[in-house]
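Counted from 1, the sequence shown has number 638 at position 638 by full-length UniProt numbering; the numbering is strictly sequential.
Cβ atoms here follow ideal geometry from the backbone N, Cα and C, with glycine treated the same way.
From a predicted model like this one, the values you see are computed outputs, not experimental measurements.
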Amino acid sequence: MASATDTTKKKCDVDGQNVPEWALAREGIKLIINNNSADAEKLFLQYPDSLVMYSGYSFAVMMDALMSYEEEKLTKAIQVLKDLEKRCATQSGWLKQVTQRVFSFSQQVDSKSEQSLAEQLETQIILADSQVCIAILTFLQQELSAYLKGGWVLRKAWKVYQKVYKDILTLYNEKIGELQLPDPSSQNLSPSPELPNESADEDLVAPSDIWDVPDLKIGKNGYTNQHSRLPHSKSANLKPSDPPSPSKTTSRFSHLRKSMSVSNAHQFWSARMDSFSSSSISFYNISSILSTDDYTNAKIDKETLERLMGAVSFGYGLFQLGISLLPPSLLRLISILGFNTNRQNGIACLMYARLGMDMRAPLASLSLLWYHTIVRPFYAIDGTNVQAGVECSEQLLKESEAEFSQSALFLFFRGRVCRLNSDIKGALKSYQQAVQNSSQREIKILCTHEVGWCHLIELDYQKAGNSFTLLKCSSRWSRAFYNYLAAICAGACGDKEQFRLFEDIGQMTRNMPKGTQLDEFLARRAKRCPNTVETIDAKRTVYWKLLVFEMLYLWNALPSCNEESISAIITECKEVSSNVESDRNEDEPMVGLSKLILGGALCVQRHFDQAQECFKKCLEVRSQIPTNADDSHVSAFCLYELGLLLLKNEQTQEEGKNYLRQVNQYSHYDFEQKLNVRVHSLLKQS
1 MASATDTTKK KCDVDGQNVP EWALAREGIK LIINNNSADA EKLFLQYPDS
51 LVMYSGYSFA VMMDALMSYE EEKLTKAIQV LKDLEKRCAT QSGWLKQVTQ
101 RVFSFSQQVD SKSEQSLAEQ LETQIILADS QVCIAILTFL QQELSAYLKG
151 GWVLRKAWKV YQKVYKDILT LYNEKIGELQ LPDPSSQNLS PSPELPNESA
201 DEDLVAPSDI WDVPDLKIGK NGYTNQHSRL PHSKSANLKP SDPPSPSKTT
251 SRFSHLRKSM SVSNAHQFWS ARMDSFSSSS ISFYNISSIL STDDYTNAKI
301 DKETLERLMG AVSFGYGLFQ LGISLLPPSL LRLISILGFN TNRQNGIACL
351 MYARLGMDMR APLASLSLLW YHTIVRPFYA IDGTNVQAGV ECSEQLLKES
401 EAEFSQSALF LFFRGRVCRL NSDIKGALKS YQQAVQNSSQ REIKILCTHE
451 VGWCHLIELD YQKAGNSFTL LKCSSRWSRA FYNYLAAICA GACGDKEQFR
501 LFEDIGQMTR NMPKGTQLDE FLARRAKRCP NTVETIDAKR TVYWKLLVFE
551 MLYLWNALPS CNEESISAII TECKEVSSNV ESDRNEDEPM VGLSKLILGG
601 ALCVQRHFDQ AQECFKKCLE VRSQIPTNAD DSHVSAFCLY ELGLLLLKNE
651 QTQEEGKNYL RQVNQYSHYD FEQKLNVRVH SLLKQS
């Protein structure tokens, strides 16, 4: 009889040597990250019978689709992920386990059962990963039906993650020792109270069968009614399914628009919730089959258990982290789907996963770098302290140096760290090296975007404008956004000959589908930009500089400016504020904008008392402006800044909370969701 160690490790034949599937899959992910996507795809497709390798292939296709944002690649990624779902659902490790419990008189668990247990856990991890990827791609369609489908898929993934994470953690604690990771036993594993007549092991019927994973039906006697003819790694080949018709493809991705509001979606879910009936169990975990003694007796070797713990911690942690970053309005909406997430738990799981042997370990490191260098500063989770995540990021980069020193992605994040440290020279060097090393057009564009922002932080309007003009011509993402940035940079350096840029602002925003925060922002800014030669000539350069400073403020990039740049911003804002008080307000694009930016710049210099005065004056001059005005974001962000400062002093904390609560009086302003996340976080902490 083969040992447990032998049977729980599927092997692939590589040049006459047997290599574990998980090791080969990690090599494929390593190739992708190290700028060699073509060889990675070739490696994954070389083993068509391996579920683990096909899972790695799905990660590769998913990453390529998100980077390129091309309709064809998005459609291909969804098809591959749906194929992976079906392959996971056909694995039948459960059937043998159940029949052995029902019909076997032997208490001895043979090697095949041991293999089945490890494979069952891995299959559930792969299944949950695939569902999350499908949900992300579905949300990109930005249609009501897409949000509904994506919500159901996420819910199913969340339930699988919770169960398999709990199972593996229990086995780990029993066999290896106590692991200091979040324990789901202390969390609510069942859906929220809004889901009546449903047990923790049941799945609701999704709006469309297309997005369902084939169920493994469980009869009353406790065993499955159907089973797969294929073992864990002997499933269908990798030939793609019949491609969707052109009409369906066009309808899915050619109009990436938003057609629902949070309130409408909330009403829809509440109205529909009672009408959905419970289906039979789609997935169930080993705890429904194995007793507590079975956990102790199951013979999974230490290496496999450690690898599976790292594998599930990646998806479980990333899911919690991602959901926790949603604005409060969406958090209330998804609460009816049974999500119960915690940001710190998510980070803890990812920190553990990054040290694993699984192919997801380097992806966990990239996820943590994304959070610390992009999410934390952009959402101002640490206020103006944009360097809060730098130390952790530097440690992550140091750990990855041996494997990924030339990776364009890791070089990109190294550039982000340099930028947060105000080391613009170091950032530009990293981005330049990333562009040279990368074979992907999309990564080159991403680095060019960062180069433009580095020049903007240095107030080098000419170089910044050149970068954004290049992006306007080459990026598939948001040409209107880059056109706006290029235009205000041209205005700030007095280059009035770039008239075409100003003219294009209005034209691009008129033809742009509205819906996202950025779309709405650009539409409002188009109204502030003159579009004739005469009106453009009438504007002084300081008018355009204020619009540049506004971008730096809204993107929380002011703290990355050096002392020279901050001093220049303060000087310009003081001049405009003085002119406005003298009834010469033609230099200010929006009432009070100069005072808001001035206060933000003074906070960077830690002149908090002066900053408070600026914010109070800003609110004073805007006191008669309606809360739903096009420029109401100035008031909303000013209230937030003032509340944040007052919270620092125990004697003024209550006053600070009152200012923060007043933010809720404003709605439909620029980056409302982003500010709501900040306010919600502050009120929760205080």
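- For Lys444, the enclosing alpha helix (DSSP H) stretches over residues Arg441 to Ile457.
- DSSP places Val591 outside both helix and strand once states are collapsed to three, so it counts as coil.
- With a contact defined as Cβ atoms closer than 8 Å, Phe413 and Thr373 qualify at about 6 Å.
- In the three-state reduction of the DSSP assignment, Val390 falls in the helix class.
- If you draw a straight line from the Cα of Ala388 to the Cα of Lys472, it comes to about 32 Å.
- In the three-state reduction of the DSSP assignment, Asn676 falls in the helix class.
- In the DSSP assignment, Glu641 falls within the alpha helix (DSSP H) that extends over His633 to Leu647.
- Residue environment for Ala492: buried (at least 16 other C-beta atoms within 10 angstroms of its C-beta).
- The DSSP-derived three-state label of Pro20 is strand.
- For Glu306, the enclosing alpha helix (DSSP H) starts and ends at Lys302 to Ser324.
- Cα atoms of Val386 and Arg376: separation of roughly 7 Å, rounded to the nearest angstrom.
- For the options Glu458, Tyr57 and Asp39, the alpha carbon positioned closest to that of Ile569 is the one of Glu458.
- Around the C-beta of Ala434, 16 or more other C-beta atoms lie within 10 Å, and the residue is accordingly described as buried.
- Taking C-beta separations shorter than 6 Å and ignoring five residues to either side along the sequence, the partners of Tyr461 in its chain run Cys489, Ala492 and Cys493, following chain order.
- Apart from the 5 residues on each side of it in sequence, Leu675 sits with its Cβ closer than 7 Å to the Cβ of Ala636, Phe637, Tyr640 and Val663 in its chain, given in chain order.
- Under the DSSP assignment, Glu613 falls in the alpha helix (DSSP H) whose first and last residues are Phe608 to Val621.
- The alpha helix (DSSP H) runs lying completely inside the stretch 36 to 67 and spanning 4 residues or more are 37 to 45, given in chain order.
- The residues Met508, Thr509, Met512 and Leu522, in chain order, have a CB closer than 7 Å to that of Ala480 in the same chain once the five nearest residues on each side in sequence are set aside.
- Bounds of any alpha helix (DSSP H) do not take in Arg476, whose DSSP letter is neither H nor E.
- Around the beta carbon of Leu355, fewer than 16 other beta carbons lie within 10 angstroms, which makes this residue exposed.
- Short of 8 Å from the beta carbon of Arg528, and not among the five residues preceding or following it, lie these beta carbons of its own chain, in chain order: Leu547, Pro589 and Met590.
- For Asn628, the CB contacts under 7 Å within the same chain, skipping 5 residues up- and downstream, are Ser667 and His668 in chain order.
- For Cys12, the three-state secondary structure derived from DSSP is strand.
- Between Leu368 and Met357, the C-beta gap is not smaller than 9 Å, which leaves the two residues out of contact.
- Short of 6 Å from the beta carbon of Gly643, and not among the five residues preceding or following it, lie these beta carbons of its own chain, in chain order: Gly656, Tyr659 and Leu660.
- Annotation for Ser407: Ile33, Asn34 and Asn35 place their beta carbon closer than 7 Å to its own, counting only its chain and skipping 5 residues before and after.
- Ser565 and Ala464 have their C-alpha atoms roughly 14 Å apart.
- In the same chain as Leu318, and ignoring 5 residues on each side of it, the C-beta atoms closer than 6 Å to its own belong to Ser367, in chain order.
- Taking all protein chains in view, the Cβ of Thr535 is surrounded by fewer than 16 other Cβ atoms within 10 Å, so the residue is classified as exposed.
- Counting every other CB atom within 10 Å of its CB across the protein chains shown gives Asn556 a total of 16 or more, marking it as buried.
- In this structure, the alpha-carbon of Tyr57 lies about 49 Å from that of Glu497.
- Between Arg416 and the set Val390, Phe404 and Asn340, the nearest pair of CA atoms involves Val390.
- Taking Gly452 as the centre and dropping the five residues before and after it, the same chain places the C-beta of Ala464, Ser467 and Phe468 closer than 6 Å to its C-beta, in chain order.
- The C-alpha of Leu24 lies about 14 Å from the C-alpha of Phe59.
- Its Cα nearest to that of Glu174, the residue Asp301 stands out among Asp301, Ser430, Lys73 and Ser145.
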